[in-house]
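Chains as they are written, first to last, in UniProt numbering: chain A, 1 to 324; chain B, 1 to 324.
Yeah, the Cβ is synthetic: ideal placement off N, Cα and C, and Gly gets one too.
2 protein chains.
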Amino acid sequence: MTDLAAILAANARLEGHVRRTPLLESPFLNDIAGRRVLVKPECLQHTGSFKFRGAWSAISALPEEQRAKGVLAYSSGNHAQGIAYAARAHGIPAVIIMPDNAPTLKLENTRALGAEVVTYDRAGGESREAIGAAIAIERGLTLIRPYDEPMVIAGQGTTGLEIAAQATEMGIITAEVLVCCGGGGLTSGIALALEGKAPDMTVRPVEPQGFDDVARSLRAGTIQSNPSEVGLCDAILTKQPGEITFPIMHRLCGAGIAVSDIETLDAMAQAFLRLKIVAEPGGAVALAAALYHGDELDADTVIAVVSGGNVDPVVFGRALARMG
Amino acid sequence: MTDLAAILAANARLEGHVRRTPLLESPFLNDIAGRRVLVKPECLQHTGSFKFRGAWSAISALPEEQRAKGVLAYSSGNHAQGIAYAARAHGIPAVIIMPDNAPTLKLENTRALGAEVVTYDRAGGESREAIGAAIAIERGLTLIRPYDEPMVIAGQGTTGLEIAAQATEMGIITAEVLVCCGGGGLTSGIALALEGKAPDMTVRPVEPQGFDDVARSLRAGTIQSNPSEVGLCDAILTKQPGEITFPIMHRLCGAGIAVSDIETLDAMAQAFLRLKIVAEPGGAVALAAALYHGDELDADTVIAVVSGGNVDPVVFGRALARMG
């Protein structure tokens, strides 16, 4: 089951391993937004994104014999690094299936974290699923999906438990919680956690314009998809919400918000200037919504999750250049 | 008195106001250093540097009637922002004396934080001390010195209390604690805190090459000064250690370490790439020592304080460019 109990159990397994990220605030950001803006910087999490939470949750939940054989993931990005790091910490093998044209840095980072990287010819039409399935069967590896996976959602939901506890300690009961949204693992996990622990908070999924499958799916009531998966905000350009994540988001989330690439770069610049954190484009869309889409927000306090910071220096330079 | 009791008292006054910064770690940084490297990111502190701690400590320690009249500080940088922010939070006036050729952004930021900025003609030889003294007497303001001030040192020392508690929780008893060092307020405060709370840890002051007044003073046993106060690491280019801070550092610190500007820029790049934090040059020298001066270090674990993140985007771009 994907519910509060699963999130609490994941939280117990993460204790002593996850980094409990703070809530940051800047009077300058509050001025821009015209309301109070708190930021949950998951870019400071192990491997630079919230994905470590779900990876640890899923791996630590496996029966010991099954876990010992190892895990497998498809990813060219943050999920791969989260799985590699969590697998190494558990002392088990990890195989990551990545396209052979993935950026060299991502291939190297994933290998440096101790994973075995198996590349496939994306352009030539090789199926990563077929390759992965063959390896998994041959070696007895367990596939860990990036978002449509109950134990992964439970792990991401621990972000929501921390938000609820930290906000409550600050005396904040009502807020809109803006979450960078790809397949919906983080969004649905946080929504479930807040349903139980901070019921007066509403999750608002945030996506890039042109890739707002979740916003459109929420409006339509059925799963809608994006025409493309290539753009600035690479970490969250998933084709469509998951079969498990969508019903949760549909039940619990407010309307989605779509932000422009310019707003996203400006949010990255503001995070640099005022919070001293590094946000990747896909990790900055929620902050962009907080700063530049105030007319779509209701609450006096918004909490924006900065979901990751794994950004190429050249792309980061584009954000810095926006400051003139 | 500037001692552990003063630091503990400052810590109590800071409770609920200071941001308790985490200890960060990356396997990639450990690999570069050849030992375990923990990073205390005070760039994530309010106003982007540890200076908030000392400012809050000093203002909150004033008798209420005296405090109500307001405070005054000389600074073109992090101390000014810390004082302005802490004064506003206390609801009292703050006057900051800044050179009229200070960067526009710093002038604007200090004003935006609610302080009154009084500029003086640095090139024309006006004395900021004379201007400040006249204003202070006229308005009954209390001068808060940036480092040679017991309550400021006590506030900076709270960083050391957190390091001791966080490291102990991780099972770390012995370590070298590398501290970015200007006038010595942060360095002496941390050294006093660790003397009481983690006596097997040794503080090592870190400075830029050519500005290593503290390292030379420690070797000579008497206060030495720098020929210049202009360079990349602007936040820590103080002319010489303080009359109060130097004897503390001389009694408690290990040898100083001096790093090059190139090493500093590379450390800023590594902090961006592996920790997702923004370090300013003066805030990155301790990390540079951890990564690139291993032959001057003894301990298996080093804890590097990243003391601030208030860096111009153009200077930060120079660090990013080092990554090729």
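My understanding is that residue i touches residue j, with C-beta atoms under 8 Å, so please give their C-beta distance in whole angstroms.
i: A:GLY242; j: A:GLY184; result: 6 Å
i: B:ILE257; j: B:VAL179; result: Rounded, the Cβ-Cβ distance is 10 Å, inconsistent with contact.
i: A:LYS69; j: A:GLY140; result: 4 Å
i: A:ALA61; j: A:ARG13; result: 7 Å
i: B:THR110; j: B:ILE92; result: Not confirmed; about 15 Å, so no contact.
i: B:VAL259; j: B:ALA288; result: 4 Å
i: B:VAL285; j: B:PRO227; result: In fact, because the Cβ distance is near 18 Å, the residues do not count as touching under 8 Å.
i: B:ARG36; j: B:ASP298; result: Actually they are not in contact, since the Cβ atoms of B:ARG36 and B:ASP298 sit about 13 Å apart, beyond 8 Å.
i: A:GLY82; j: A:THR47; result: 5 Å
i: A:ILE223; j: A:ASP148; result: Not confirmed; about 11 Å, so no contact.
i: A:PHE272; j: B:VAL177; result: So it is not a contact: roughly 27 Å between Cβ atoms.
Take residue i as the anchor and find which of the options has the nearest alpha-carbon.
i: B:ARG219; options: B:PHE211, B:CYS233, B:ILE248 and B:ALA255; result: B:ALA255
i: residue 356 of chain A; options: A:LEU143, A:ALA215 and A:MET201; result: Nothing about residue 356 of chain A can be read from this structure; chain A reaches only from 1 to 324.
i: B:HIS17; options: B:GLY124, B:ASN30 and B:ILE59; result: B:ILE59
i: B:THR174; options: B:THR159, B:VAL203, B:ASP31 and B:ALA286; result: B:VAL203
i: B:ASN30; options: A:LEU113, A:GLU65 and A:ALA134; result: A:LEU113
i: B:ALA235; options: B:GLY182, B:PHE246, B:GLY132 and B:ILE144; result: B:GLY182
i: B:GLU296; options: B:ALA215, B:ALA321 and B:ILE248; result: B:ALA215
i: A:GLY34; options: A:VAL311, A:ALA321, A:SER75 and A:GLY294; result: A:GLY294
i: A:ALA9; options: A:THR168, A:GLY125, A:TRP56 and A:GLU263; result: A:TRP56
i: A:VAL230; options: A:ILE172, A:HIS250 and A:PHE211; result: A:PHE211
i: B:THR159; options: B:ILE172, B:SER49 and B:GLY132; result: B:SER49
i: B:ARG145; options: B:GLU169, B:GLY221, B:SER75 and B:ILE137; result: B:SER75
i: A:ALA167; options: A:GLU25, A:GLU15, A:ARG19 and A:VAL315; result: A:GLU25
i: B:ASP261; options: B:GLN66, B:VAL315 and B:ARG274; result: B:VAL315
i: A:MET249; options: A:ASP100, A:THR264, A:GLU263 and A:GLY221; result: A:GLY221
Would a C-beta distance cut-off of 7 Å place residue i and residue j closer than the cut-off?
i: B:GLY317; j: A:LYS276; result: no
i: A:VAL302; j: A:PRO41; result: no
i: B:THR21; j: B:LEU38; result: no
i: B:MET98; j: B:THR119; result: yes
i: A:ILE153; j: A:SER188; result: yes
i: B:VAL71; j: B:ALA94; result: yes
i: B:ALA115; j: B:ALA89; result: no
i: B:LYS239; j: B:SER217; result: no
i: A:ALA198; j: A:ILE7; result: no
i: A:LEU4; j: A:GLY196; result: yes
i: B:LEU291; j: B:ALA267; result: yes
i: A:GLY80; j: A:ALA73; result: Position check: residue 80 of chain A holds Ala in this sequence, whereas Gly was assumed. Against a cut-off of 7 Å, the Cβ pair of A:ALA73 and A:ALA80 comes out as a contact.
i: B:ASN11; j: B:LEU161; result: yes
i: A:LEU237; j: A:PRO281; result: no
i: B:GLN156; j: B:GLY77; result: no
i: B:MET323; j: A:PRO313; result: yes
i: B:ALA319; j: B:LEU252; result: no
i: A:LEU143; j: A:ALA134; result: no
For residue i, which of helix, strand or coil comes out of DSSP?
i: B:GLY160; result: helix
i: A:PRO41; result: strand
i: B:GLY283; result: helix
i: B:SER188; result: helix
i: A:GLU64; result: helix
i: B:TYR85; result: helix
i: A:TYR74; result: strand
i: B:THR168; result: helix
i: B:THR47; result: helix
i: B:VAL118; result: strand
i: B:VAL314; result: helix
i: A:GLY294; result: helix
i: A:LEU14; result: helix
i: B:GLU108; result: helix
i: A:ILE303; result: strand
i: A:LEU24; result: strand
i: A:GLU229; result: coil
i: residue 325 of chain A; result: This structure gives no information on residue 325 of chain A, because the portion of chain A shown stretches from 1 to 324.
i: B:ILE59; result: helix
i: B:ARG322; result: coil
i: A:ARG204; result: strand
i: residue 326 of chain B; result: Residue 326 of chain B lies beyond the stretch modelled for chain B, which goes from 1 to 324, so this question has no answer here.
i: B:ILE7; result: helix
i: B:LEU113; result: coil
Please go through the region 234-263 of chain A and give each complete alpha helix (DSSP H) segment of 4 or more residues, from N-terminal end onward. Taking only runs of at least 4 residues, the alpha helix (DSSP H) segments lying wholly in the region 234-263 of chain A are 245-252.
Which runs of the alpha helix (DSSP H) spanning at least 4 residues fall entirely within the region 121-157 of chain B, listed in chain order? Taking 4 residues as the shortest admissible run, the region 121-157 of chain B contains the following complete alpha helix (DSSP H) segments, listed from N- to C-terminal end: 128-139.
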